[in-house]
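Engineer: The structure follows.
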Amino acid sequence: MAAETVDTAAAAAQRPGSVRVHVRAALRRAAPALALFAAVRCAGVLCAALWAWHTGRHPRNLLGATWDSNWYLGVARYGYGSPAPHHMWPPDHLADLAFFPLYPGLIRGVSAVLPVGALNAGLLLAWTASAVAAWGTFAVGAHLYGRRAGTFLVVLWALLPHAVIESLSYTEPLLTALAAWALYALLTDRPLWAGALAVLAGLARPNGLAVAAAVMVAAAVRMTAAGRTWRRGCDPERPVLCRARPLWPYWAAALIAPAGWLGYVLWVGARTGAGPRGYFRVQEIWGSRFDFGRDTLRSVKRLFLHNEPLVQHLAAAVVAVAVLLLVLLVLDRPPLPLLAYTAVLVVMALGGTGYFPSKPRFLLPAFPLLVPAAVALARARPRSVVLATGSLAVLSLGYGVYLLALAPLPL
């Protein structure tokens with residue numbers, strides 16, 4: 003493991019007045035990765051803009067008012083319970099309760115403070131969140147595997163076939179940013195920060211619960227280790243190991259971590275009058291429930307029996323690769339909080355019903371799945387790196403335009 007990217011500055015950050023210096027130093031270390039990320043995503047936005055102009059559409063509308071973006075904009079402008087966006091399904095006054103409140107709340111706040119409308123505010127927030135997510139992804143990767151692997155982790159995340167989502171007014175960039183920095187906080191022994199970020203993640207998306215799972219696993223690991231040390235007693239020759247570190251921050255973090263998710267679910271139950279089941283009834287309006295993957299398997303089976311569109315086949319390919327990468331990640335034996343976060347995301351994405359073409363989007367925050375590939379690229383020859391990343395760039399940019407402008411199914 004190589005922790006040089008953050009640990010040296012982390013010690014300095016403990017001194018008063020050094021936070022700004024620490025942040026600047028961390029940004030300098032992450033600058034190459036962030037520059038590559040910006041270059042890739044700018045290329046993606048340019049491709050989408052060229053296609054929008056070619057078809058007579060405004061690029062801003064293509065990027066900021068596509069599918070779910072319209073629902074978030076509706077909540078930001080009018081609050082929950084407003085009519086469904088024009089020509090969008092389902093036309094139920096409870097349907098928008100399926101969309102968690104953090105992102106539309108931020109859109110409303112930014113559009114109130116800055117001289118921009120809700121659509122522009124949504125794009126500004128999404129692009130900012132993507133950059134923060136890339137920085138957090140680098141921080142996690144560099145802390146565990148070194149700067150080079152951290153850089154490739156960011157590049158691979160930017161080059162996913164469905165990475166166009168990182169440039170849209172969707173909530174996946176926001177969740178990834180919160181999750182990446184929560185995981186980094188756990189890796190660097192800052193449980194209260196991780197707990198606070200987990201609360202926000204639970205207000206961002208349904209699968210934000212995965213961040214809370216990571217925090218609770220980290221607390222369990224720390225408490226188990228403390229109990230083992232207590233049973234064994236202290237080694238007089240290694241007195242530093244006898245200094246008990248307080249466990250209360252981990253207890254507190256584990257208690258508050260699911261508060262955002264639980265709070266919103268209970269609020270929806272109160273608003274609908276259905277109690278704790280209210281949120282899940284809202285999900286049923288959308289045809290969404292947890293069936294342990296049976297619907298996912300049926301969708302894959304249909305690919306072999308019917309003539310399905312390209313988006314279905316690519317979604318199946320992404321799902322298959324994600325399962326393989328999860329196995330490789332398990333074999334790599336990463337820290338348990340990282341593994342718990344990733345596993346919960348994969349289970350929630352593949353275990354739910356409906357919207358099979360959206361499975362890759364649901365997996366977008368699961369950036370630790372890319373760790374085995376990032377480590378392999380960090381060790382590869384330059385020619386292999388160019389070939390791999392170049393091929394991924396062609397696929398990502400081309401498929402991104404297809405998803406936005408040509409695919410017959412929602413993202």
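In case it helps, the numbering used here puts the sequence shown at residues 3 to 413.
Where is the CB? At the ideal position from N, CA and C, for every residue including glycine.
#1: Would you identify the three-state DSSP class for glycine 354, choosing helix, strand or coil?
#2: Per DSSP, phenylalanine 1 forms a beta bridge with which residues?
#3: Which residue wins for smallest C-alpha separation from serine 97, given the options His308, Ser290, Leu307 and Ala141?
#4: Note down, in chain order, each residue of its chain lying with its Cβ closer than 8 Å to the Cβ of alanine 261, except the 5 sequence neighbours on either side.
#5: Go ahead and label histidine 56 buried or exposed: buried means 16 or more other beta carbons lie within 10 angstroms of its beta carbon, across all protein chains shown.
#6: Go through its chain and collect everything with a Cβ distance to proline 93's Cβ below 7 Å, but skip five positions before and after it.
#7: Could you check whether alanine 324 and valine 156 sit closer than 7 Å to each other, using their CB atoms as the reference points?
#8: Suppose you measure from the CA of glutamine 285 to the CA of phenylalanine 101; what does that come to, to the nearest Å?
#9: Return helix, strand or coil for alanine 196, following the three-state DSSP convention.
#10: Helix, strand or coil: which one does DSSP assign to aspartate 191?
#11: Looking at the unbroken alpha helix (DSSP H) that takes in glycine 417, where does it start and where does it end?
#12: Considering glycine 124, what are the terminal residues of the alpha helix (DSSP H) in which it resides?
#13: Do you know offhand how far alanine 196's Cα is from glycine 210's?
#14: Hey, leucine 158 and leucine 331: beta-carbon distance below 7 Å or not?
#15: Assuming serine 132 and arginine 43 form a contact by the criterion Cβ under 8 Å, report the distance between their Cβ atoms to the nearest whole angstrom.
#16: Let's test the definition: count the other Cβ atoms within 10 Å of the Cβ of phenylalanine 306 and tell me whether it reaches 16, buried, or not, exposed.
#17: Use the C-beta contact count for lysine 361: other C-beta atoms within 10 angstroms, 16 or more gives buried, fewer gives exposed.
#18: Under the assumption that serine 113 contacts alanine 128 (Cβ atoms under 8 Å), give the Cβ distance between them as a whole number of angstroms.
#19: Mind the definition here: the region 370-386 touches the region 296-315 only if three or more C-beta pairs lie below 8 Å; say whether that holds.
#20: Fully enclosed by the region 29-59, which beta strand (DSSP E) runs are 3 residues long or longer?
#21: Taking just the CA atoms, how far does glycine 280 sit from leucine 338?
Structural biologist: According to the data block:
#1: strand
#2: Because the chain is modelled from 3 through 413, residue 1 falls outside the range shown and cannot be assessed.
#3: At residue 97 the sequence reads alanine, which differs from the serine that was named. Considering only alpha carbons, the answer is Ser290.
#4: Val201 and Gly204
#5: exposed
#6: Ala86
#7: no
#8: 10 Å
#9: helix
#10: coil
#11: Nothing about residue 417 can be read from this structure; the chain reaches only from 3 to 413.
#12: 120-147
#13: 13 Å
#14: no
#15: 7 Å
#16: exposed
#17: buried
#18: Between alanine 128 and serine 113 the Cβ distance is about 14 Å, and since that is not below 8 Å, they are no contact.
#19: no
#20: none
#21: 33 Å
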